[in-house]
Amino acid sequence: MRLITRICWLLLGGLFIFSGLVKLNDPIGTAYKLEEYFEVFAAAVPSLAGFFLWFKDSARLLSLTLSSLEVILGVALLLRWYLRQTLWVLLVLLVFFTFLTFYSAAFNKVTDCGCFGDFIKLTPWTSFSKDVFLLVLWAVVFFNQRYLRRVFAKGMLGIMYITLASAVAIGIGVRALGHLPYFDFLPYKVGNDIGQLMKPSAAMRYKYIMERNGETQEFTEYPTDTTWKYKQMVALNPESAPKITDFKVWNDQGDYTQELLKGNKLVLIVQNTDHADRDRFELINQLIVSADSSKKKITPLIITSSSPAEFDAFRHEVNLSAPFYYADATVLKSMIRSNPGFMLLKDGVVKGKFHYHDIPSRAKLEELL
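In terms of full-length UniProt numbering, the sequence shown is residues 1 to 369.
Structural data, given as structure tokens:
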């Protein structure tokens, strides 16, 4: 039992640190997921809508706090620092996460819990099973603490280690909040060809699940016998499906998607005007003007998810003069974790992405093309 307890202790601490670091890599993405949960809870319990929407407004702070806490508790557990107290706090977090993943799975409200950010995508039931597994690890460790009596950092040394872990975790998250994620796991990362990812990587193959007289049968080709009634179509090679399925850009004249994927484009993404940072628009406008006169024939443009009226007022407020187009809000959040933010495209290939705190020069854009 001593060996099993120590294995569970290592796994529990290591998984908490890993999970926290993955979230801290992209705290804005974690905040988006928390906002989604709070919106669902507000709709499900109207009497507490104000309470949940208040938490929604604090999603970024909660994202940073919870993700950092996962890392800190994981380190504390591995050091066996105040082991019993650490385990009780871990239990509170585990119960909270288990409730969220069960709610997602049982009611199909949030289809991805964001447990490991965008690095590892888990289905709702897989996420719930993962949390149940962690609860089992916790129980083994909690009820066998006698095998973990040695503390690796006591007194002031323990405080120093935990302080260092806290500073590193919070520092990683704060920097990621003010810039782009350290590692981009989204389909719009630098180097990806958006146009190619909108197509299947191989011919899709399907099986058809049909029903007749209470009998269910699978077919690799759609049956010509009309007595069979269609029930479901399942992809046999889902890994070949398009990785980007909802990318579309338009304006009043029509669809601009394919035109966007041609030539050199400097795209300013304003996800929404309500929360867009306005402090850097002098530099943003300077870059748009200089890019427009580049020998590389860079075409600047703007994409937003705000309504025409909202964006028209906004662009006059910040003196934006480039042509603008519209896209779905979720798509823009996936394209870049910055509002506003720049994306540099060459024939649909992402050549660069820039947070509004890291606005590049024209020379930098030309170097990337």
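Backbone N, C-alpha and C fix where the C-beta goes; we use that ideal spot for every residue, glycine too.
Opening and closing residue of the beta strand (DSSP E) in which residue 355 lies: One-based indexing of the sequence shown puts residue 355 at position 355. Element bounds for residue 355: 349-355.
Beta-bridge pairing of residue 343 - partner residues as DSSP gives them: Here residue 343 corresponds to residue number 343 of the sequence shown, with the count starting at 1. Residue 343 pairs with 267, 353.
I'd like the ranges of any alpha helix (DSSP H) spanning at least 4 consecutive residues and lying wholly in the stretch 270-344. 281-292, 308-318, 329-335
Whose C-alpha, out of 155, 26, 145, 95, is nearest the C-alpha of residue 396? Outside the displayed range of the chain (1 to 369) lies residue 396, so it cannot be described from this structure.
Could you check the C-alpha separation between residue 116 and residue 71 for me, to the nearest Å? Numbered from 1 along the sequence shown, position 116 holds the residue referred to as residue 116. Numbered from 1 along the sequence shown, position 71 holds the residue referred to as residue 71. Residue placement at residue 116 cannot be trusted, given a pLDDT of 45 that sits under 50; what the coordinates show is reported in the next sentence. Straight-line Cα distance between these residues: approximately 13 Å.
Around the C-beta of residue 281, are 16 or more other C-beta atoms found within 10 angstroms, so that it is buried, or is it exposed? Start at 1 with the first residue of the sequence shown, and residue 281 comes out as number 281. Buried is the call here.
Taking the C-alpha atoms as reference points, what is the distance between residue 29 and residue 215? Working through the sequence shown from its first residue, we reach residue 29 at position 29. Working through the sequence shown from its first residue, we reach residue 215 at position 215. Answer to the nearest angstrom: the Cα atoms are 44 Å apart.
Apply the 10 Å Cβ neighbour rule to residue 211 and answer buried if 16 or more other Cβ atoms are within range, or exposed otherwise. Here residue 211 refers to the residue found at position 211 when the sequence shown is read from its first residue. Per the 10 Å Cβ criterion, exposed.
Inter-residue spacing [alpha-carbon to alpha-carbon] between residue 304 and residue 57: Residue mapping note: residue 304 aligns to position 304 of the sequence shown, counting from 1. Residue mapping note: residue 57 aligns to position 57 of the sequence shown, counting from 1. Approximately 21 Å, taken between the alpha carbons.
Comparing alpha-carbon positions, which option in 14, 2, 173, 46 lies nearest residue 68? Numbered from 1 along the sequence shown, position 68 holds the residue referred to as residue 68. Closest by alpha carbon: 173.
Are residue 331 and residue 247 close, meaning C-beta to C-beta below 8 Å? For the purposes of this step, residue 331 is taken as the residue at position 331 of the sequence shown. For the purposes of this step, residue 247 is taken as the residue at position 247 of the sequence shown. Result yes, Cβ atoms of residue 331 and residue 247 sit closer than 8 Å.
Grab me the residues of residue 6's own chain with a C-beta within less than 6 Å of its C-beta, minus the 5 sequence neighbours each way, in chain order. The residue labelled residue 6 in the question sits at position 6 within the sequence shown. Excluding residues within five positions, none has a Cβ falling inside 6 Å.
If you run the structure through DSSP and keep just helix, strand and coil, what is residue 5? To locate residue 5, count along the sequence shown from 1; it is residue 5. Three-state DSSP puts residue 5 in a helix.
Which whole-angstrom value is the C-beta distance of residue 359 and residue 283, which I expect to be below 8 Å? Numbered from its first residue, the sequence shown carries residue 359 at position 359. Numbered from its first residue, the sequence shown carries residue 283 at position 283. Between residue 283 and residue 359 the Cβ distance is about 5 Å, and since that is below 8 Å, they are a contact.
Could you tell me the boundaries of the beta strand (DSSP E) in which residue 198 lies? What you label residue 198 is simply residue 198 of the sequence shown in a count that begins at 1. From DSSP, residue 198 is part of no beta strand (DSSP E); its letter is neither H nor E.
As a quick exercise: from 79, 171, 104, pick the residue whose alpha carbon is nearest that of residue 148. Mapped onto the sequence shown, residue 148 falls at position 148. Of 79, 171, 104, the residue nearest in Cα terms is 79.
How should residue 238 be labelled, buried or exposed, when 16 other C-beta atoms within 10 angstroms of its C-beta is the threshold for buried? Position 238 of the sequence shown, counted from the first residue, corresponds to residue 238. By the neighbour-count rule (16 or more Cβ atoms within 10 Å), residue 238 is not buried but exposed.
Within 8 Å, do at least three Cβ pairs link the stretch 157-167 to the stretch 195-208? no
Determine, using beta-carbon pairs with one atom in the stretch 318-330 and one in the stretch 9-21, whether at least three such pairs fall under 8 Å. no
Between the CA atoms of residue 139 and residue 2 - distance to the nearest angstrom: Stepping through the sequence shown from its first residue, residue 2 is reached at position 2. Stepping through the sequence shown from its first residue, residue 139 is reached at position 139. So the two alpha carbons sit approximately 14 Å from each other.
Distance, residue 270 Cα to residue 302 Cα: Counted from its first residue, the sequence shown places residue 302 at position 302. Counted from its first residue, the sequence shown places residue 270 at position 270. Spanning the two alpha carbons is a distance of roughly 7 Å.
Beta-carbon proximity check, residue 242 vs residue 337, cutoff 8 Å: Residue 242 sits at position 242 when you count from the first residue of the sequence shown. Residue 337 sits at position 337 when you count from the first residue of the sequence shown. Result no, Cβ atoms of residue 242 and residue 337 do not sit closer than 8 Å.
Under 8 Å between C-beta atoms of residue 329 and residue 272: Locating residue 329 in the sequence shown gives position 329, counting from the first residue. Locating residue 272 in the sequence shown gives position 272, counting from the first residue. Yes.
Only counting runs of 4 or more residues, tell me where the alpha helix (DSSP H) segments fall wholly within the UniProt domain "Methylamine utilisation protein MauE" (2-142), in order along the chain. 2-25, 27-44, 49-57, 59-79, 83-107, 124-142
Suppose the cutoff is 6 Å on Cβ atoms and the five residues either side in sequence are ignored; what does the same chain contact list for residue 75 look like? As a working note, residue 75 is residue 75 in the sequence shown. Answer for residue 75: 165, listed in chain order.
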